[in-house]
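Colleague: Pasting a structure here, questions to come.
Protein chains in written order, with my numbering: chain D, 1 to 379; chain L, 380 to 589.
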């Protein structure tokens, strides 16, 4: 009898340990060539908008997450490859990769997706094909992989077709207004692949370079279509519906440049399968490692306010230089509607009853900042 | 003839004033205006939340005092006398005040906001107080005043004093108004930055809580 009992206990432990550490996680990498002299200012707008979108989705879904943002000069093929290689992906995880910058394609290349120029359009050896990112992420076997790119897909004689190679063996390369059910359907109740790029083969992609503007024509329309599915319900919560909507909007646009008129037609490969509603394991919001984690800690009303107030000095010293400022961006993604001393900001958000999450649109997660840009997701 | 000239000049003056008024209100586009009104609303929300916590004795004294200091930082001049540029001249202003009223008094009292906040923290002889905003905050149109913008925001406040046995000693509902200041800073090579500060708080109407 004792033997049977011990066997049952061992079996339960085995099942429990197999299920431990299986929290669904959303892994996000945003890579943007923000220093380019011709499009950099528009790419900065894209980077902030995409960062905010990712953080708001994660905040509303309240799921485990990793968010990495590479602006220039970190926006390199090597860094993206390293990120993928070091990514630890469980079968129920979602991986999202987004890029904004220059792009192009080799002549006679059959790959419908472009090569991303990363932070140096003059060095074609450093270009990274979007389809390579897709294959490397596929090898990680996440539940769903989403790849969104805004870059030209025009032909250039200077660009060579890049042969694909696998990663080396053993190296694993606001509550707001969101409809939570729609977000779950798009991310954690979906399985497969979503690859969307801003223009089809041989076409340029166009961007507004005004720093007060809306960024890329594709990214800004993509975010609108995404919000129509995830917020207003005007579109069904499927990636096909989102793509068809942004395709319809962007394809109608005409761009005049140097006496010629251009068009831009987004392209996608989407294979999404729906599965039944899955429970989401919620993240541990009591850690204060990165800037993002520290700010979410301060607004976490499940932690006693005295405890959170006591952490402010440590967080301030770790993430801000003396006299650092925090700029608050409005819901329109553009208007800077407030500027506060970092210390005043940290105290205000800690004591506020109305803040669900702080999204960081521009700021260094690891090092000290003299200025950061944030958006408050209010309850 | 003199009368005709007078009426002509008077009409021209009126026309000029109306055009000037349009110019003063038309420097912010609608999208920016909406964004700023939302931000004013969130700042007033934060203030009313802090006020409720200042008198909340379930919180530690340290936290309640932190709420006082954080609330002060929301106001123009941080609740101290301040200077504002008006028509190219720096003008001294007294510190922000809080106007309070009671159904037991016919007059309204005004006191410095810094003093009011400390008095709520100290609570005097009162055993327990509750202050909460119970109406949605409404923000009026933003208008230009000199080199900055202003607007009024309104909300309803429920104020209750409790005795030791938990009974209500006094309770009232007051419609409050607050003046808000918006300054715009143009940073070369970057976007325009707005800063919002809260100003004087007015007690508009008070009625007994039923």
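Note that beta-carbon positions come from the ideal geometry of N, C-alpha and C, so glycine has one too.
#1: Check the DSSP bridge columns for residue 362 of chain D and list the partner residues they point to.
#2: Compute the Euclidean distance between the alpha carbons of residue 245 of chain D and residue 217 of chain D, then round it to the nearest angstrom.
#3: Using a 10 Å radius around the Cβ and a threshold of 16 neighbouring Cβ atoms, would you call residue 169 of chain D buried or exposed?
#4: Among D:148, D:152, D:225, D:369, which residue has its Cα nearest to the Cα of residue 321 of chain D?
#5: In whole angstroms, what separates the C-alpha of residue 425 of chain L from that of residue 127 of chain D?
#6: Cβ of residue 145 of chain D less than 8 Å from any chain L Cβ?
#7: Spatial neighbours of residue 272 of chain D within its chain, please: CB distance less than 8 Å, with the 5 preceding and 5 following residues excluded, ordered by chain position.
#8: Thinking C-beta only, is residue 243 of chain D closer than 8 Å to residue 386 of chain D?
#9: Interface residues of chain D around residue 552 of chain L at Cβ under 7 Å?
#10: Could you spell out the range, first to last residue, of the beta strand (DSSP E) harbouring residue 580 of chain L?
#11: Within its chain, find whatever has a CB closer than 6 Å to the CB of residue 434 of chain L; leave out the 5 residues flanking it on each side and keep chain order.
#12: Return the CA-CA distance between residue 339 of chain D and residue 561 of chain L, expressed in angstroms with no decimal places.
#13: Closest Cβ-Cβ distance between residue 429 of chain L and chain D: below 8 Å?
#14: Determine, using beta carbons only, whether residue 344 of chain D comes closer than 8 Å to chain L.
#15: Tell me which same chain residues have a C-beta within less than 8 Å of the C-beta of residue 233 of chain D, skipping the five on either side of it?
#16: Examine chain L for any beta-carbon lying closer than 8 Å to the beta-carbon of residue 163 of chain D, and answer yes or no.
#17: Suppose contacts are defined by Cβ-Cβ distances below 8 Å. Is residue 75 of chain D in contact with residue 46 of chain D by that definition?
#18: Could you tell me the boundaries of the beta strand (DSSP E) in which residue 431 of chain L lies?
#19: Please go through the same chain and pick out, in chain order, the residues whose beta-carbon is closer than 6 Å to the beta-carbon of residue 565 of chain L, but skip the five residues on each side of it.
#20: Are there 16 or more other CB atoms within 10 angstroms of the CB of residue 121 of chain D, so buried, or fewer, so exposed?
#21: Residues bridged to residue 488 of chain L by DSSP?
#22: Residue 418 of chain L touches chain D at which residues, Cβ-Cβ below 8 Å?
#23: To the nearest angstrom, how far is it from the Cα of residue 363 of chain D to the Cα of residue 541 of chain L?
#24: Verify whether the separation of the beta carbon atoms of residue 536 of chain L and residue 555 of chain L is less than 8 Å.
#25: Name the residue from D:110, D:80, D:226 whose alpha carbon lies nearest to the alpha carbon of residue 160 of chain D.
#26: Going along chain D, which residues have a C-beta under 8 Å from residue 444 of chain L?
#27: In chain L, which residues lie with their C-beta within 7 Å of the C-beta of residue 212 of chain D?
#28: Which residues mark the beginning and the end of the beta strand (DSSP E) in which residue 289 of chain D is found?
#29: Out of D:230, D:223, D:150, which one is the CA nearest neighbour of residue 184 of chain D?
#30: Could you say which of D:33, D:31, D:36, D:57 lies nearest to residue 377 of chain D if we only look at CA atoms?
#31: On the three-state DSSP scale, how would you describe residue 74 of chain D?
#32: What ranges does the beta strand (DSSP E) occupy inside the region 286–337 of chain D, keeping only unbroken runs of at least 3 residues that lie completely in it?
#33: Measuring CB to CB, does residue 41 of chain D end up less than 8 Å from residue 71 of chain D?
#34: Name the DSSP beta bridge partners of residue 380 of chain D, please?
Modeller: Reading from the atomic positions:
#1: Residue 362 of chain D is bridged to D:373.
#2: Taking the CA atoms as reference points, residue 245 of chain D sits about 13 Å from residue 217 of chain D.
#3: Low per-residue confidence applies at residue 169 of chain D: pLDDT is 38, beneath 50, and the placement is therefore not dependable enough to give any value.
#4: Nearest C-alpha to residue 321 of chain D: D:369.
#5: Residue 425 of chain L and residue 127 of chain D: Cα-Cα distance of roughly 48 Å.
#6: Not one chain L Cβ lies under 8 Å of residue 145 of chain D.
#7: 144, 190, 191, 192, 193, 194, 238, 239, 240, listed in sequence order.
#8: A query on residue 386 of chain D cannot be resolved here, the shown segment of chain D reaching from 1 to 379 and no further.
#9: Neighbours of residue 552 of chain L on chain D: none; closest Cβ ~21 Å, over 7 Å.
#10: For residue 580 of chain L, the enclosing beta strand (DSSP E) stretches over residues 571–587.
#11: The answer, listed in chain order, is 499, 508, 510.
#12: Near 11 Å, if we compare the C-alpha coordinates of residue 561 of chain L and residue 339 of chain D.
#13: Output row for residue 429 of chain L: interface = yes.
#14: Yes - at least one Cβ of chain L is within 8 Å of the one on residue 344 of chain D.
#15: Contacts found: 179, 182.
#16: Not one chain L Cβ lies under 8 Å of residue 163 of chain D.
#17: No Cβ-Cβ contact shorter than 8 Å links residue 75 of chain D with residue 46 of chain D.
#18: In this chain, residue 431 of chain L is not harboured by any beta strand (DSSP E); it is covered by the alpha helix (DSSP H) spanning 409–433.
#19: Within the same chain, and ignoring the five residues on either side of residue 565 of chain L in sequence, the residues whose Cβ sits closer than 6 Å to its Cβ are 571.
#20: With 16 or more other Cβ atoms within 10 Å, it is buried.
#21: Residue 488 of chain L is bridged by DSSP to L:479.
#22: Counting only Cβ-Cβ distances below 8 Å, residue 418 of chain L has contacts in chain D at 328, 330, 337, 338, in chain order.
#23: Put simply, the backbone Cα of residue 363 of chain D is about 47 Å away from that of residue 541 of chain L.
#24: Yes, these two residues count as a Cβ contact at 8 Å.
#25: Taking each of D:110, D:80, D:226 in turn and checking the Cα distance to residue 160 of chain D, the smallest one comes out for D:110.
#26: Within 8 Å Cβ-Cβ: nothing; residue 444 of chain L doesn't reach chain D, min ~10 Å.
#27: The answer, in chain order, is 570.
#28: Premise fails: residue 289 of chain D is in no beta strand (DSSP E) and is neither H nor E.
#29: Cα-wise, what sits closest to residue 184 of chain D is D:230.
#30: In terms of Cα proximity to residue 377 of chain D, the closest of D:33, D:31, D:36, D:57 is D:57.
#31: DSSP places residue 74 of chain D in coil when its eight states are reduced to three.
#32: Residue ranges of uninterrupted beta strand (DSSP E) with 3 or more members, entirely inside the region 286–337 of chain D and ordered along the chain, are 320–329.
#33: Residue 71 of chain D is positioned such that its CB atom lies no closer than 8 Å to that of residue 41 of chain D.
#34: Residue 380 of chain D is absent from the model: chain D starts at 1 and stops at 379.
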